[in-house]
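Note sheet for the following structure.
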Amino acid sequence: MAAALTLYTNPMSRGRIARWMMEEIGQPYEVDYLGYGGTLKSEEYLAINPMGKVPALRHGDLVVTECAAICAYLADAFPEAGLAPDPADRADYYRWLFFAAGPVEAAITNKAMGFVLPEGKGRSAGYGSLDHVLEALETAVAGKTYIAGGAFSAADVYAGSQIGWGLQFGTIPARPAFVSYWDGMKTRPAYVRASELDDAAMPKPQ
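The opening residue of the sequence shown carries number 1 in UniProt numbering; numbering runs sequentially from there.
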């Protein structure tokens, strides 16, 4: 009997990335929605993720946190889904998956929060500047259907989510390369299913 999969998430969170990945692997799973300031900080959940944030994944007795790690883990745990290249061909896969999780996430979050780096401190921040990050991301997707090689992968789930949200909320400029890449991602059946499921779980207006 296969180990059970449980996704701990909130529909208004980065857990939507993990939900998309869950739909891509095509395995049965359960969802435990957690509330901000409530069950997220319960002793029971802190035993799963001491950070008290979502998403987290339980696979049998194993726990994985952090979206990029969840995506990479699921791609390896369910190779039949074809969501990771062969080990010898994973350079771009690892490169762009973790670039999206590191520099892209940090630069966009800092910009959205209004954090301004002191003059000359770009190298200390690790990502240089938002402009440099966006230029690099643009080269990763320009003229491509997929970000790493010739097939869809977990790297597209993560990078695609970042680009999709960035275009939606205006934190990533609508450059042709970004728009074209996201147009190819947002019609994937697994993404559509994941979005519909999370949208249906959104809090209803009072």
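Cβ coordinates follow ideal geometry from the N, Cα and C atoms, glycine included. It should be emphasised that the depicted structure is a prediction, and the values quoted were computed from it without experimental measurement.
Whether residue i touches residue j by CB criterion (9 Å)
i: Y179; j: L167; result: The displayed chain sequence assigns Val, not Tyr, to residue 179. Contact: yes.
i: W96; j: A140; result: yes
i: A201; j: V31; result: yes
i: D76; j: A88; result: no
i: A101; j: Y158; result: yes
Spatial distance of residue i from residue j (CA atoms)
i: Y36; j: L5; result: 22 Å
i: A56; j: C71; result: 11 Å
i: G128; j: G122; result: 4 Å
i: G150; j: G143; result: 12 Å
i: G60; j: A2; result: 8 Å
i: P118; j: N110; result: 13 Å
i: residue 211; j: L7; result: Outside the shown range of the chain (1 to 206) lies residue 211, about which nothing can therefore be said.
Those residues which DSSP pairs with residue i across a bridge
i: V104; result: In DSSP, V104 forms no bridge with anything.
i: residue 291; result: An answer regarding residue 291 cannot be provided, because it is not within the stretch 1 to 206 covered by the chain.
i: residue 213; result: Nothing about residue 213 can be read from this structure; the chain reaches only from 1 to 206.
i: D32; result: Y8
Residue i - containing alpha helix (DSSP H), residue span
i: L83; result: L83 -> no alpha helix (DSSP H), and no H or E assigned at all.
i: I163; result: 154-169
i: G143; result: Taken as a continuous stretch (DSSP letters only), G143 belongs to no alpha helix (DSSP H), as it is neither H nor E.
i: A190; result: 189-200
Continuous beta strand (DSSP E) stretch holding residue i: start and end
i: D89; result: Counting along the chain, D89 falls outside any beta strand (DSSP E), and DSSP gives it neither H nor E.
Presumed contact (8 Å Cβ cut-off) between residue i and residue j, rounded CB distance
i: I25; j: A81; result: 5 Å
i: L130; j: A107; result: 4 Å
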